[in-house]
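Worksheet for the structure shown next.
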Amino acid sequence: MSTGHDQDAVAARPRADTISRRLRAKLAAVALLDWIRVGLLVAGVLCVLTGLLPAAEAEDSLRRIAPLLLFLGSVIVLAKLARHAQVFDVIATRLAIVGRGNYVALFLLCVAFATATTVFLNLDTTAVLLAPVFLALAPKARIAALPLAMTTIWLANTASLLLPVSNLTNLLAADRVMLAAPDFAARMWAPQLASLAATMVVLWLCYWRRGKRGADRYLPPTPIRVAEPRDRALFWISGVACLLFILAIPFVHESIGYAAAVAALVVVVAFAVLKRDQLKWSLVPWQLLILVTGLFLVVPTVSRHGLAEVMTALIGTDESALGSFRAAAAGAGLSNVVNNLPAYVAGEAVIAPGAHDQLLALLIGTNVGPIITPWASLATLLCLESCRAFGLRVSMGRFVLTGSVLAAVALTAAVGALLLTG
Numbered sequence: 000m001s002t003g004h005d006q007d008a009v010a011a012r013p014r015a016d017t018i019s020r021r022l023r024a025k026l027a028a029v030a031l032l033d034w035i036r037v038g039l040l041v042a043g044v045l046c047v048l049t050g051l052l053p054a055a056e057a058e059d060s061l062r063r064i065a066p067l068l069l070f071l072g073s074v075i076v077l078a079k080l081a082r083h084a085q086v087f088d089v090i091a092t093r094l095a096i097v098g099r100g101n102y103v104a105l106f107l108l109c110v111a112f113a114t115a116t117t118v119f120l121n122l123d124t125t126a127v128l129l130a131p132v133f134l135a136l137a138p139k140a141r142i143a144a145l146p147l148a149m150t151t152i153w154l155a156n157t158a159s160l161l162l163p164v165s166n167l168t169n170l171l172a173a174d175r176v177m178l179a180a181p182d183f184a185a186r187m188w189a190p191q192l193a194s195l196a197a198t199m200v201v202l203w204l205c206y207w208r209r210g211k212r213g214a215d216r217y218l219p220p221t222p223i224r225v226a227e228p229r230d231r232a233l234f235w236i237s238g239v240a241c242l243l244f245i246l247a248i249p250f251v252h253e254s255i256g257y258a259a260a261v262a263a264l265v266v267v268v269a270f271a272v273l274k275r276d277q278l279k280w281s282l283v284p285w286q287l288l289i290l291v292t293g294l295f296l297v298v299p300t301v302s303r304h305g306l307a308e309v310m311t312a313l314i315g316t317d318e319s320a321l322g323s324f325r326a327a328a329a330g331a332g333l334s335n336v337v338n339n340l341p342a343y344v345a346g347e348a349v350i351a352p353g354a355h356d357q358l359l360a361l362l363i364g365t366n367v368g369p370i371i372t373p374w375a376s377l378a379t380l381l382c383l384e385s386c387r388a389f390g391l392r393v394s395m396g397r398f399v400l401t402g403s404v405l406a407a408v409a410l411t412a413a414v415g416a417l418l419l420t421g
């Protein structure tokens, strides 16, 4: 005779099978991405060993990206530990409370938070950490998750123009045009404002307005209380470390990697003393570091064997306003076909050393443009992975259509602003 317990067990099996299938699919996707990253690094090493890429050129390429890898690894560790200390969760929840149920206020606050995170802590921080925070906030405040998700996806890209630290491509461009952080910001503030304005308009019309979000008001969530003394200490140490790193950006110039490493080290030591179990090797973004290293060996190799001619044909040698728009369009187009980092590296290689407007236009194309296809930037891919983890389905048709609209508007506005203020 079947008991109630047996019936519950039988009923639970389909749910368990469904969860198991989803978990296996997620692990398979992650494993595939990891294999691609490792494969890219192996391909790069083989390029050097076979002589397709001369050893001297490979050494120059690796020497160029070494400070970038230090910065990228350090800032991600800093941000992840700050997330463990609930810094991002407390801020996001507080913003939702400040909004008092008003969607216009919440929209402006979320845009400001995502923009600040991208500008000062790098777009990958927005993708890796802010996207999960916003998605976790949605059910607490009974907010539709899709507008929050698209806010992080788009602003992780379109808000990454202002400072060298905002995007890995910016660090490369700043090095190429020899601009320190204050000078880089002085050149890029107008394109950044134009890109943000375009993003806010398209974001509101396509995802946040009443007919799209599905509600008039939202429920302000309960504040997060960091009660335990150890947790409070970690919260304040992590928050202050992030703030001091941000304040140091205008002054450290090419030593930005060391500044990020010092800030990360302070927080690591605090966790080692107060909460050692949170210190894991998974904090180190080895996937990103491997990917970037592999790209900087493979792309120069391909450029030596035909890609340079293709990029020259796409970008051209015209240094006029038309040439700048052409460079931006080529960067955005190639980013959505391949990925923005190799698109920038390949484009930079064929632009004349003194053509700064054309180079910065290419940068705008590879930063603002990769919002049409899921693989166009690593930040977009990471945000979409967070959406899948939270069970949020993003329609690819709508994603591509709205991304195309924003890319066209933001790209035109940002390049126009660059040329008008040059």
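Read in order, the letters of the sequence shown correspond to residues 0 to 421 in our numbering.
A virtual CB, placed ideally from N, CA and C, is assigned to each residue, including glycine.
Distances from the CA of Leu361 to each of Ala413, Ser403, Ala378, Leu68 were compared; the closest alpha carbon is that of Ala413.
Looking from the CA of Leu381, the closest CA among Leu287, Leu204, Val118 belongs to Leu287. Between the stretch 50 to 62 and the stretch 310 to 317, the count of C-beta pairs closer than 8 Å stays below three; the two stretches do not touch. Judged by their CB atoms, Ala143 and Arg212 are nearer to each other than the 8 Å cut-off. Segment contact: the stretch 228 to 244 against the stretch 99 to 107, fewer than three CB-CB distances shorter than 8 Å; contact not assigned. One alpha carbon belongs to Ile370, the other to Ala327, and they sit about 14 Å apart. Our two residues, Leu128 and Phe398, have alpha carbons roughly 21 Å apart in a direct line.
In the structure shown, the three-state DSSP call for Arg392 is coil. When DSSP states are grouped into helix, strand and coil, Arg141 belongs to the coil group. Taking the CA atoms as reference points, Val201 sits about 48 Å from Thr49. Note on geometry: alpha-carbon atoms of Leu282 and Ile75 lie some 8 Å from one another.
Residue burial is scored here from C-beta neighbours: Met310 has at least 16 other C-beta atoms within 10 angstroms and is therefore classed as buried. The beta-carbon separation of Ser73 and Asn366, rounded to 21 Å, does not stay under the 8 Å limit for a contact.
The beta carbon of His304 sits closer than 8 Å to the beta carbons of Leu51 from its chain, once the five residues preceding and following it are set aside; these are given in chain order. When secondary structure is reduced to three states using DSSP, Arg229 falls in the helix class. Beyond the five residues adjoining it in sequence on each side, Val297 comes within less than 7 Å, by CB distance, of Leu39, Ala42, Gly43, Cys46 in the same chain, given in chain order.
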